[in-house]
Amino acid sequence: MPKPCVLAPLVLALLAPSAVLAEPLKYDFIEGFAAGDGDVLGGGLRGSLDFAEAGGSGFYLHGNVIDASGEDNDSDVSRRGFDLGVGYRHAIGDFWAVEGELTFRDDDIKRRGLGSPAVFEDDASGARLSVGIRGSVSERVEIRAIAGAFDAGDRGRELVGEVGAHVLVSQNVGITTDVLFDDVGEVLRIGVRVRF
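Right, here's the structure in full:
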């Protein structure tokens, strides 16, 4: 089963003009998205609530919920999870910021198939610590890359991350695309974001 290319969301950003007319970074948003990993498809919601001025340094809350199911290698697979945490961004001018996030993450995977056991559950919950960068590369295009470690209980410590782009179609509405990766696999998300 082909995996989505981790660098695909950056192609648009690399072709974008300079950030001369870009708006300061905004962290207040809500987003609905479709998600997929091969034939395992679903969707979810994510959002962020800012406690600082747009373009400045400060704290923000963030969350994410995902629910996906489908067939993978003759097994029925369902994956449900959520993240809820706090982040801090250090502004580099109005258009770029270094981010750090401390998050509680729950990741539940269930497989039903022909093997033994007939039902296999791989549930993990624990802390995720990540560091990344976010910035406006033009007046309509923003990119983000973040990576870190997830203490996944019995699954051990996992590398997790996200790389993606947000393209504004109006002042407050945009299209997002990103790839989430962890030791389990890669998930491509495409969504609609509303900033407020």
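With positions in the sequence shown counted from 1, the corresponding number in our numbering is that position plus 22. Note that the Cβ used here is the ideal one computed from N, Cα and C, for glycine as well.
**Item:** Counted within 10 angstroms of its Cβ, other Cβ atoms place L43 as buried (16 or more) or exposed
**Value:** Its pLDDT being 47, under 50, L43 is placed unreliably by the model, and the measurement read from it follows with that caveat. Looking at its Cβ environment, which holds fewer than 16 other Cβ atoms inside 10 Å, L43 is exposed.
**Request:** Taking R109 and G122 to be in contact with their CB atoms under 8 Å, please state how far apart those CB atoms are, rounded to whole angstroms.
**Result:** At residue 109 the sequence reads Gly, which differs from the Arg that was named. Confirmed, about 7 Å.
**Message:** Within the continuous beta strand (DSSP E) that includes E161, where are the two ends?
**Reply:** Premise fails: E161 is in no beta strand (DSSP E) and is neither H nor E.
**Request:** May I ask whether a heavy atom of the ligand FMN can be found less than 7 Å away from the beta carbon of V182?
**Result:** What this structure holds is no ligand at all, so the ligand FMN is not there to describe.
**Prompt:** What does a CB cutoff of less than 8 Å around V141 pick up in its chain, not counting 5 residues either side in sequence?
**Reply:** K132, R133, R134
**Message:** Does R3 pass the burial test, meaning 16 or more other C-beta atoms within 10 Å, or should it be called exposed?
**Reply:** One cannot answer for residue 3 here, as it falls past the ends of the chain, which runs 23 to 218.
**Asked** Counting Cβ pairs closer than 8 Å, one from the segment 154-172 and one from the segment 184-195, do we hit at least three?
**Response** yes
**Request:** Answer yes or no: do A57 and R211 have a C-beta to C-beta separation smaller than 8 Å?
**Result:** yes
**Prompt:** Alpha carbon to alpha carbon, what distance is there between G66 and D59?
**Reply:** 14 Å
**Prompt:** Over what stretch of residues does the beta strand (DSSP E) that includes G58 continue unbroken?
**Reply:** 51-59
**Prompt:** Since K132 is in the beta strand (DSSP E), which residue starts that stretch and which ends it?
**Reply:** 118-134
**Asked** If you check the beta carbons only, do V195 and I52 fall under 8 Å apart?
**Response** no
**Message:** Mapping the DSSP letters down to three states, classify D176 as helix, strand or coil.
**Reply:** helix
**Request:** Take F104 as the anchor and find which of G92, S147, F81 has the nearest alpha-carbon.
**Result:** S147
**Asked** How is N95 classed by DSSP in three states: helix, strand or coil?
**Response** coil
**Prompt:** Using the rule of at least 16 other Cβ atoms within 10 Å of the residue's Cβ for burial, across every protein chain shown, is A169 buried or exposed?
**Reply:** exposed
**Item:** Nonlocal neighbours in the same chain, by C-beta distance under 8 Å from A119, ignoring five residues either side
**Value:** L47, S79, R111, H112, A113, I155, R156, G157
**Prompt:** With distances taken from CA atoms, which of R101, D98, L83, R102 is nearest S125?
**Reply:** As written in the sequence, residue 125 is Thr, which differs from the Ser given in the question. Residue L83 is the option with its Cα nearest to T125.
**Request:** With a cut-off of 8 Å on the beta carbons, I'd call R285 and V182 a contact; round off their distance for me.
**Result:** Lying outside 23 to 218, the shown extent of the chain, residue 285 is not represented and no answer is given.
**Item:** Range of the contiguous beta strand (DSSP E) that encloses E208
**Value:** 208-217
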